[in-house]
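Participant: Per my numbering, residue 2 is the first one in the sequence shown, and the count goes up by one each step. Ideal placement from N, C-alpha and C gives every residue a C-beta, glycine not left out. One structure coming up, written as structure tokens, with questions to follow.
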Amino acid sequence: MPPVIYETVAWLRHDSAIPFPSQPGESEASALPDPARAAYAAPLAGAVIGAAAGLVIVVVAAAGASNFVAASAGVLALIVVTGGRAEAAVEALASREAAGAIRYGVLAIAVAVLLRASALDALLFRDTWGVLFALAGACAFARAAAIGFSLLRPASPEAVAADQTTLQWLAIAGLGLGIVATLPFFGLGAAVAGIAAAAGAVALVSAFVPRGADGTDHFTATAELAAEIAFLIAVAAFTDNP
């Protein structure tokens, strides 16, 4: 199989709670992808995860549920598939300065869930199948933006910096998937607005969230969540005002 398949599976193993088996040539199934070498495949893994949650939305909506119930089911599916990785990072950051008072983390997660569900609910009024692709595009670009910023500003001087080719392919994959997934259903303006909002969200997060020098992945996971929410809200807002 092409190398991109192996790299995508490696990222899916890292970003999801699904126990993917080891691939030919891998020493162990838990091997993590190298962002400085294989970052280009991360948006592909994000698109797969987003599409899986989007498919849940389509199925629940087709079963006759209201738009908000279908959107909420999709958000729940996204959390289950990823093992709550981003939500756990947000909770950890929100409660870090509160002496373990997890109520702040719970509040932050509740707001994040409601924002995603509300954005998907708004998009469902426009196009049911379009929500699947919008969520795939959001997750793809969110992964690209978060990893791109983490590579540009690594956690420590010892971290391996990505070369320009890696960053270029990462940008191409993230932008391409974000635009292609959104354009057919919501138009070029919505795609561009979503990408701009997502990039802005990651830039904002990069100014306040630590890079994970202590071995954690708070920055990437939190930035991914912020970018995904910003992407969906921007697309939903722009489709109401084409």
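Looking at the unbroken alpha helix (DSSP H) that takes in V60, where does it start and where does it end?
Facilitator: 43-63
Participant: Just mark S67 as buried or exposed, buried being the case when its beta carbon has 16 or more other beta carbons within 10 Å.
Facilitator: exposed
Participant: Threshold first: 4 residues or longer. Then list the alpha helix (DSSP H) segments lying entirely within the stretch 138-199, N to C.
Facilitator: 165-187, all fully within the stretch 138-199.
Participant: Based on Cα-Cα distance, which residue from A118, T223, V132 lies nearest to A63?
Facilitator: V132
Participant: Please report how far the alpha carbon of A192 lies from the alpha carbon of L184, in whole angstroms.
Facilitator: 6 angstroms
Participant: In terms of residue numbering, what span does the alpha helix (DSSP H) encompassing D128 cover?
Facilitator: From DSSP, D128 is part of no alpha helix (DSSP H); its letter is neither H nor E.
Participant: Near I19, what residues of its chain come up, given a Cβ to Cβ distance below 8 angstroms and the 5 sequence neighbours on each side ignored?
Facilitator: L13, V82
Participant: How many whole angstroms separate the CB atoms of A199 and A231, which I take to be in contact at a CB cut-off of 8 angstroms?
Facilitator: Going by Cβ atoms, the distance from A199 to A231 rounds to 5 angstroms, so yes, they are a contact pair.
Participant: What residues in its chain sit with their C-beta under 7 angstroms from that of S73, if we drop five residues either side in the sequence?
Facilitator: A118
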